[in-house]
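*Asks:*
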Amino acid sequence: HSVLGEEESNMIAGSEYVWVCDPIDGTIPYSLGLPISTFSLALVKNGRPILGLLYDPILNRLIVAELDKGAYLNYKLIKVSESTSLNRSLVALENNDTRFCKIRERLAGQGSLVTTFASITYPSLLVAIGEFKAAIWFGKTPWDGAAVQIIVEEAGGVCTDISGNNQRYDREINGLVASNKNIHPRIIEMIKECL
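Counting from 1 along the sequence shown, just add 1410 to a position and that's the residue number in the working numbering.
(1) Roughly how many angstroms separate the alpha carbons of residue 1452 and residue 1474, rounded to a whole number?
(2) Which parts of the stretch 1520-1574 are runs of the beta strand (DSSP E), unbroken and 3 residues or longer, counting only runs that do not cross its ends?
(3) Run through the DSSP bridge pairs and tell me what residue 1412 is partnered with.
(4) Pick from 1426, 1439, 1464: whose alpha carbon is nearest that of residue 1536?
(5) Thinking just about the alpha-carbon of each residue, which of 1483, 1510, 1430, 1562 is nearest to the one in residue 1450?
(6) Give the secondary structure of residue 1482 by DSSP, where H, G and I count as helix, E and B as strand, and everything else as coil.
(7) So which of 1531, 1485, 1511, 1525 has the shortest CA-CA distance to residue 1560?
(8) Consult DSSP for residue 1455 and reduce its assignment to one of helix, strand or coil.
(9) By Cβ distance below 7 Å, which residues in the same chain neighbour residue 1524 in space, the five residues on each side in sequence not counted?
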């Protein structure tokens, strides 16, 4: 097995299996004492996550998902929201980039309540348990998305790159959009119009 992690813990062995880990996603909030950081771990086979884990140590929330076996929060099955509307929906929009101003305006125009956590795994955890409708991120690092992808999908949602495509998580990624099946196409369309 290979290891791919944020904290200089890479051990690339050319294996079909790669453990992808971010020990603390949300290091800025963590350093400021804000309780919105998570531990993220995924096992990726040939670029596709087959096992994922997100742990929120502050609220003791452990989400685990295995391919074709569902996603569980502290051993209870979870599901994404089935909402069909962005109106009054909580949406996390991560990264400070001029492109985000347009997307934020479009989401607000749809009635969404847009927020930023300085972490992608934490709001994606909230998408997986149905509290948030979407999480959008333009980053490139696979350790911020591998566990999210399998957890959100096993919870009945959709997780793609910012263009709406599937992607590998054993190399650099093209951002991430996690949401439910009803609103995901509209978010992708909105992103494309704003870029």
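Note that beta-carbon positions come from the ideal geometry of N, C-alpha and C, so glycine has one too.
*Replies:* With the given structure in hand:
(1) 10 Å
(2) 1523-1525, 1544-1547, 1568-1570
(3) Beta-bridge pairing links residue 1412 to 1428.
(4) 1464
(5) 1430
(6) strand
(7) 1531
(8) strand
(9) 1501, 1503, 1514, 1517, 1518
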